[in-house]
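In this note's numbering, the protein residues as written are 283 to 698.
Note that the Cβ used here is the ideal one computed from N, Cα and C, for glycine as well.
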């Protein structure tokens, strides 16, 4: 490899000992045997199968890994017709369209046979190059900047092969490429382990929550005796609906209720203010520890989420319902609304009308929701158990976030 410009010393900020050569500026196309994608088979999803040849789509390229847990398949016959887009071990796969543009991974060495659709580009390097090094560069902020700059069309809707071939990348010798790739691979393995640990804890917590609130799991007192049978109370007897308006727009902290993130700042969630700051007088005031119901449905919240506000005083759209529970059992209610135990009732009272993305229910029906209610002592036992489990999960999430931040910082310093 030769420098495209002479006299420029290109070295990263962070470097392993034993390497002092200047890095070379190269074009990706000159160092690749293949840059191209596949197609969607004739007939589209109708020709997908439950087994056969692995057919890789953009959703399978995620988190710097090839995910095969949500894979589809095509027949051998269709695969033969698409032979030019057959995937090989050590190929780099790069998403080139849509919201996932720029995501990439390296095909594992033990991968057997597969194909890709038109949304995934195959980058097959020439010998003497480390696919893991090149893929790590593409995942770095420098690589993502290239992806953004080279998108084609006025709407920047995708990457074409000519643009990808023109990518200019600064690379070291093969031994240094391999050293960097090996180091980053070890971090990726740590991330995978932490992510798997998080997933297992989340699955366990979800299962335990369902069993506790369906009373498959019961707690006993200090003498080994069962607590009294649970009562069933109506939501309206445990909480009151808050409809305090933000008169004169005195509160300007606009909150939103996310099914996956809970109560968050609207500015942080949407990266901009959606609400008109001059027209907040009709919004409801929400205090700390109020619960908020968002009637908008999604795959992660099929009847809409009920979340607890832990951000302090704010305002929310009047499309939401704000509930204020009696103090002392807030954790219990928060855990209950993480389950699906209340979903059946919500479906039974919903009138979708013209809006199929939103639950349409009356206040009276909503406040009649049945809530399972054990005695105070058992509520405390339930909360203590679940808080300990939640703490373990939060520790793993923090470790995962720290490791991701560590890797992100390394990617900024290990590449030129």
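So, under 8 Å CB-CB, residue i and residue j are touching, yes? Tell me the CB distance rounded to an integer number of Å.
i           : j           : result
residue 664 : residue 592 : Actually they are not in contact, since the Cβ atoms of residue 664 and residue 592 sit about 20 Å apart, beyond 8 Å.
residue 566 : residue 534 : That belief does not hold up - the Cβ atoms of residue 566 and residue 534 are roughly 14 Å apart, past 8 Å.
residue 319 : residue 382 : Incorrect: roughly 14 Å between the Cβ atoms, too far for contact.
residue 346 : residue 421 : 6 Å
residue 495 : residue 618 : 6 Å
residue 399 : residue 321 : 7 Å
residue 388 : residue 414 : 5 Å
What residue range is occupied by the uninterrupted alpha helix (DSSP H) comprising residue i?
i           : result
residue 499 : Note, residue 499: premise wrong, no alpha helix (DSSP H); not H, not E.
residue 298 : Here residue 298 belongs to no alpha helix (DSSP H), and DSSP marks it neither H nor E.
residue 446 : 443–447
residue 631 : 625–631
What is the DSSP secondary structure of residue i, reduced to helix, strand or coil?
i           : result
residue 653 : strand
residue 663 : helix
residue 461 : helix
residue 433 : coil
residue 579 : coil
residue 400 : coil
residue 698 : coil
residue 346 : coil
residue 674 : helix
residue 473 : helix
residue 309 : strand
If I follow the unbroken beta strand (DSSP E) through residue i, where does it start and stop?
i           : result
residue 598 : 596–598
residue 319 : 314–319
residue 353 : Looking at the DSSP string, residue 353 is not in any beta strand (DSSP E), and its letter there is neither H nor E.
residue 588 : 588–590
residue 607 : 603–607
Just checking, does the segment 419–432 make contact with the segment 444–452 on the three C-beta pairs under 8 Å criterion?
yes
Which runs of the alpha helix (DSSP H), 4 residues or longer, sit entirely within the segment 402–426?
413–421
If we require 3 or more residues per run, which beta strand (DSSP E) segments fall completely within the segment 368–394?
374–377 and 386–388
Unbroken stretches of the alpha helix (DSSP H), 4 residues or longer, contained in the segment 507–574
List check, alpha helix (DSSP H) in window: 517–520 and 548–552.
Just checking, does the segment 458–474 make contact with the segment 669–685 on the three C-beta pairs under 8 Å criterion?
yes
Validate contact between the segment 360–380 and the segment 395–411 using beta carbons, cut 8 Å, 3 pairs:
yes
Are at least three pairs of beta-carbons, each pair with one atom in the segment 473–489 and one in the segment 664–681, less than 8 Å apart?
yes
Report yes or no: do the segment 569–576 and the segment 598–608 share at least 3 C-beta pairs separated by less than 8 Å?
Flag = yes, the segment 569–576 and the segment 598–608 touch.
With three or more beta-carbon pairs closer than 8 Å as the criterion, would you say the segment 506–523 touches the segment 643–657?
With a cut-off of 8 Å, the segment 643–657 and the segment 506–523 count as touching, because enough Cβ pairs lie within range.
Are three or more beta carbon pairs between the segment 301–315 and the segment 453–469 nearer than 8 Å?
Yes, the segment 301–315 is in contact with the segment 453–469.
Quick one: any contact between the segment 332–339 and the segment 348–359, if contact means 3 or more CB pairs under 8 Å?
yes
Take every Cβ of the segment 577–597, pair it with every Cβ of the segment 536–545, and state whether three or more of those distances are shorter than 8 Å.
yes
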